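The numbering used here puts the first residue of the sequence shown at 182, with every later residue one more than the last. Note that CB positions come from ideal geometry on N, CA and C, so glycine has one too. All of these numbers come straight from a predicted model, not from anything done at the bench.
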Amino acid sequence: MERTEKNWWHSAVVYQIYPKSFQDTTGSGTGDLKGILQRLDYLKTLGVDLIWLSPVFASPQVDNGYDISDYQAIDPMYGTLEDMDSLIQEANRRGIGIMLDLVLNHSSDRHRWFREALKSRDNPFHDYYIWRDGGPDAFPNDMRSAFGGPAWTYVPQLGQYYFHQFAPEQPDLNWENPAVRRALYDMILWWMDRGVAGFRLDVIDQIAKEPDRHITINGPRLHEFLRELSAETFRKGNLVTVGEAWGADVDRAKRYSCPDGSELSMVFQFEHMGLDQQPGKPKWDTAPLSLSALKACFEKWQHGLHGQGWNSLFLNNHDLPRIVSRWGDEGGFRETSAKLLAVMLHGMQGTPYIFQGEELGMTNMRMTVDQLQDVEAKNLYRERLEAGYPEGQILESIYRRGRDNARTPMQWDDGPQAGFTTGTPWLPVNPNAARINAKAQLADPDSVFHFYRRLIALRKTYPVFRMGDFTLLLPEHEKLFVYTRAWMDQELLVICNFGADPTSWQLPEGWAGAKCLIANYPDAAQGLLRPWEAKILYRRTDV
Ligand code: GLC
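Structure (structure tokens):
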């Protein structure tokens with residue numbers, strides 16, 4: 182894709198790579214940059230324009246790279262800076278841009294800045310982090326970290342606590358300090374010079390905090406910081422930026438992704454992903470998904486940002502369980518339901534994101550407690566066991582919602598370790614790799630892979646995917662998710678029968694002769710939608 186036009190990313194499709202689990206070339210059991218290089222042609226075949234690369238920077242890997250100890254070095258586990266340069270070049274040569282994952286909210290406790298900060302209160306780097314005075318058992322307040330335990334850790338030699346929204350090994354950076362902001366901007370400019378196409382910004386709505394007032398998300402200076410960040414860095418190139426924002430509502434998202442480009446290109450918000458959990462409860466406390474609630478949520482976002490901002494379209498990432506296991510059917514309708522979920526999402530306005538293996542319909546995996554790797558899941562296991570939960574119930578919650586589900590190795594073929602590594606993988610390969618793998622799907626024109634490939638191609642052929650406005654039909658229906666998109670004289674009708682029950686259905690007027698752009702059944706049925714049936718129809722209203 183040419184990245185010269187303003188808003189070029191409106192027609193882009195992004196593929197997220199979790200490098201640790203993508204392709205190993207050394208037998209170490211963890212993926213590496215050379216492995217990604219080897220698989221660029223696979224991504225080219227799929228047709229994606231951008232790769233979002235989860236962090237590959239130097240890191241002690243407490244949170245799999247979301248704890249960075251040097252933003253300008255590649256972790257030896259992944260390769261070298263030269264490998265990164267070749268990856269950027271080789272991807273660019275194929276029209277694919279690289280988006281790096283910037284963790285600007287916190288660093289690792291092994292970062293040089295934090296090690297200096299620990300030396301004394303007068304050290305120039307001390308103020309790079311957030312400190313409060315206190316005694317060993319006198320916490321500044323009762324704030325908790327997202328991964329369990331207090332959000333404050335005591336440093337006896339300083340007589341102070343530092344603040345961390347995530348693990349204690351992930352101290353929060355002090356954005357109030359202009360020197361911190363400058364250091365981060367210089368680092369970003371250095372990466373821009375190396376030819377990256379953009380950045381994904383980790384928990385960006387949490388950078389402007391006031392811990393004394395318990396404010397961590399959407400702090401008062403957030404948008405000021407974002408505008409400065411953007412002006413000092415991204416806007417100097419024609420870069421794409423996506424902000425991870427768990428706390429964004431439509432109004433905030435409009436500011437993040439305002440078409441004047443003053444903040445970010447688009448927002449990555451999670452409202453739809455929280456609909457199958459009990460309100461106000463942690464994600465582990467699940468609830469059945471109501472289709473009408475899901476539709477209402479998408480409708481609100483499609484209308485809210487139309488012409489006024491830009492959204493990401495996603496159902497998976499490295500923090501979420503696999504969508505086929507979550508909202509589709511892991512069993513006999515796995516492929517059909519994977520295709521339905523793709524149609525539902527890719528028919529909308531926004532930039533679609535595909536998480537590695539989603540294009541194969543990969544599923545969750547049941548793990549024993551010894552197999553778990555994720556810091557969040559391990560903490561949950563410990564905490565809930567102590568709180569008296571039965572072990573079986575805790576493991577069931579982790580199976581439904583744990584982050585390791587997304588992180589099992591990419592399933593390339595039906596050989597040993599699914600072709601991911603010649604060694605022992607850091608996280609086990611899902612036993613269903615013998616059935617679900619890229620090699621088999623590349624050879625099968627009806628596979629989930631080729632379905633995604635065709636969907637991506639459609640988005641590039643018909644501008645209505647990019648521009649069209651959205652109208653939800655049958656809002657209360659608990660089985661059918663149907664909507665139209667309209668732009669100039671072009672119109673799409675997107676039809677999804679959510680679930681295994683056949684559902685009676687009549688085409689709305691005027692659609693009888695419409696062209697079918699894509700469908701997950703080979704033939705059309707009259708008056709009925711079959712299990713997990715989905716299709717997109719197209720018509721011109723001027724003919
Ligand atoms: C984001 C990342 C997640 C990480 C957390 C802390 O939510 O997606 O993987 O653990 O930030 O950096």
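What residues in its chain sit with their C-beta under 8 Å from that of E672, if we drop five residues either side in the sequence?
-> Taking the sequence shown and counting its residues from 1, one reaches residue 672 at position 491. The beta carbon of E672 sits closer than 8 Å to the beta carbons of V645, G649, T665, R666, Y719, R720, R721, T722 from its chain, once the five residues preceding and following it are set aside; these are given in chain order.
Under 8 Å, do G528 and V431 count as touching if we go by C-beta distance?
-> As a working mapping, residue 528 is identified with position 347 in the sequence shown. As a working mapping, residue 431 is identified with position 250 in the sequence shown. Not a contact, by the Cβ cut-off of 8 Å.
Count the other CB atoms within 10 Å of the CB of P590; is the residue buried (16 or more) or exposed (fewer)?
-> Against the sequence shown, residue 590 aligns to sequence position 409. Result: buried.
Taking DSSP as the reference, what is the three-state secondary structure of C697?
-> What you label residue 697 is simply residue 516 of the sequence shown in a count that begins at 1. The answer is strand: DSSP assigns C697 an E or B state.
Taking the alpha-carbon positions, what's the P321 to G573 distance?
-> Numbered from 1 along the sequence shown, position 140 holds the residue referred to as residue 321. Numbered from 1 along the sequence shown, position 392 holds the residue referred to as residue 573. Looking at the two C-alpha atoms, the distance is approximately 37 Å.
Taking buried to mean at least 16 other C-beta atoms within 10 Å of its own C-beta, is Q530 buried or exposed?
-> For the purposes of this step, residue 530 is taken as residue 349 along the sequence shown, with counting starting at 1. Under a 10 Å Cβ-count criterion, Q530 is classified as buried, with 16 or more other Cβ atoms of the shown protein chains found around its own Cβ.
Beta-carbon gap between L234 and I198 smaller than 8 Å | The residue labelled residue 234 in the question sits at position 53 within the sequence shown. The residue labelled residue 198 in the question sits at position 17 within the sequence shown. Taking 8 Å as the Cβ cut-off, L234 and I198 qualify as a contacting pair.
For the putative contact between D500 and M548, defined by C-beta atoms under 8 Å, what is the C-beta separation to the nearest angstrom?
-> Counted from its first residue, the sequence shown places residue 500 at position 319. Counted from its first residue, the sequence shown places residue 548 at position 367. Rounded, the Cβ-Cβ distance is 16 Å, inconsistent with contact.
Specify the secondary structure class of S685 as computed by DSSP and reduced to three states.
-> What you label residue 685 is simply residue 504 of the sequence shown in a count that begins at 1. The answer is strand: DSSP assigns S685 an E or B state.
Which residues in the same chain have their Cβ closer than 7 Å to the Cβ of V361, if we skip the five residues on either side of it in sequence?
-> Numbered from its first residue, the sequence shown carries residue 361 at position 180. Result list for V361: Y309, L354, N355, in chain order.
To which residues does DSSP link H287 through a beta bridge?
-> For the purposes of this step, residue 287 is taken as the residue at position 106 of the sequence shown. Paired residue(s): D353.
Taking the alpha carbon of D266 as the point to measure from, which residue in G228, A378, G680, L407 has its own alpha carbon closest?
-> For the purposes of this step, residue 266 is taken as residue 85 along the sequence shown, with counting starting at 1. The shortest Cα separation from D266 among G228, A378, G680, L407 belongs to A378.
Rounded Cβ spacing between L470 and D457 (contact assumed at less than 8 Å) | Here residue 470 is taken as the residue at index 289 of the sequence shown, counted from 1. Here residue 457 is taken as the residue at index 276 of the sequence shown, counted from 1. About 4 Å; that satisfies the 8 Å criterion.
For R313, which residues from the same chain have a beta carbon less than 6 Å from its beta carbon, with the 5 sequence-adjacent residues on both sides left out?
-> Reading the sequence shown from its first residue, position 132 is the one you call residue 313. Hits under 6 Å: P321, Y342.
K215 and G260 look like a contact to me (Cβ under 8 Å); what is the Cβ gap, rounded to whole Å?
-> Within the sequence shown, numbered from 1, the residue matching residue 215 stands at position 34. Within the sequence shown, numbered from 1, the residue matching residue 260 stands at position 79. Going by Cβ atoms, the distance from K215 to G260 rounds to 6 Å, so yes, they are a contact pair.
Report the residue from P463, E452, D466, V505 whose alpha carbon sits nearest the alpha carbon of E480.
-> If you number the sequence shown from 1, residue 480 lands on position 299. Among P463, E452, D466, V505, the Cα nearest to that of E480 is on E452.
Tell me, please, which residues DSSP counts as bridged to K716.
-> On the sequence shown, position 535 is the one that residue 716 refers to. Beta-bridge partners of K716 (DSSP): I676, A700.
Compute the minimum distance between the beta carbon of D383 and the heavy atoms of the ligand GLC, and state whether it is under 7 Å.
-> Counting from 1 along the sequence shown, the entry for residue 383 is found at position 202. Indeed, a heavy atom of the ligand GLC lies less than 7 Å from the Cβ.
Measure from the alpha carbon of R375 to the alpha carbon of each residue in A519, D248, G418, then state which is nearest.
-> Along the sequence shown, one-based indexing puts residue 375 at 194. Closest by alpha carbon: G418.
Supposed contact pair N611 and Q598 - C-beta distance, whole angstroms, cut 8 Å = As a position in the sequence shown, residue 598 is number 417, starting the count at 1. As a position in the sequence shown, residue 611 is number 430, starting the count at 1. Actually they do not touch by this definition, with Cβ atoms about 11 Å apart.
Residue span of the beta strand (DSSP E) that contains E425, given as start and end = By one-based count along the sequence shown, residue 425 stands at place 244. Run containing E425: 421-425, per the beta strand (DSSP E) assignment.
D500: beta carbon under 7 Å from a heavy atom of the ligand GLC?
-> Position 319 of the sequence shown, counted from the start, is the residue given in the question as residue 500. Yes.
Roughly how many angstroms separate the alpha carbons of I398 and W333, rounded to a whole number?
-> Looking up residue 398 in the sequence shown gives position 217. Looking up residue 333 in the sequence shown gives position 152. For I398 and W333, the distance between alpha carbons rounds to 17 Å.
Helix, strand or coil at I396 [DSSP, three-state] = The count along the sequence shown starts at 1 and reaches residue 396 at position 215. I396: strand per DSSP, three-state reduction.
Contact under 8 Å by Cβ, E129 with N492 = This structure leaves residue 129 out entirely; the chain is present only between 182 and 724.
What residues are listed by DSSP as bridge partners for D152?
-> Because the chain spans 182 through 724 in this model, residue 152 falls outside it and cannot be assessed.
By Cβ distance below 6 Å, which residues in the same chain neighbour Y437 in space, the five residues on each side in sequence not counted?
-> Within the sequence shown, residue 437 is the residue found at index 256, counting from 1. G424, E444, L445, V448, listed in sequence order.
When we look at the beta-carbon of M669 and count the other beta-carbons within 10 Å, is it buried (16 or more) or exposed?
-> The count along the sequence shown starts at 1 and reaches residue 669 at position 488. Around the beta carbon of M669, a 10 Å sphere encloses fewer than 16 other beta carbons of the protein chains shown; the residue is thus reported as exposed.
Would you check if the distance between the CB atom of K520 and the CB atom of V421 is smaller than 8 Å?
-> Indexing the sequence shown from 1 puts residue 520 at position 339. Indexing the sequence shown from 1 puts residue 421 at position 240. No, Cβ-Cβ distance for K520 and V421 is not below 8 Å.
Does the ligand GLC have a heavy atom nearer than 7 Å to the CB of D244?
-> Here the question's residue 244 lines up with position 63 in the sequence shown. The answer is yes for D244.
Cβ neighbours of P656 in the same chain (closer than 8 Å, five flanking residues each side left out) | As a position in the sequence shown, residue 656 is number 475, starting the count at 1. Same-chain partners within the cutoff: S473, K476, A477, E480.
Would you check whether the ligand GLC has a heavy atom nearer than 7 Å to the C-beta of F495?
-> As a working note, residue 495 is residue 314 in the sequence shown. No, the Cβ of F495 stays beyond 7 Å of every heavy atom of the ligand GLC.
E425 Cβ short of 7 Å to the ligand GLC heavy atom set = As a first step, residue 425 is located in the sequence shown; it is residue number 244 there, counting from the start. E425 Cβ: within cutoff of the ligand GLC.
Alpha carbon to alpha carbon, how far is Q459 from L561? Give it in angstroms, no decimals.
-> By one-based count along the sequence shown, residue 561 stands at place 380. By one-based count along the sequence shown, residue 459 stands at place 278. Distance between the alpha carbons of L561 and Q459: 17 Å.
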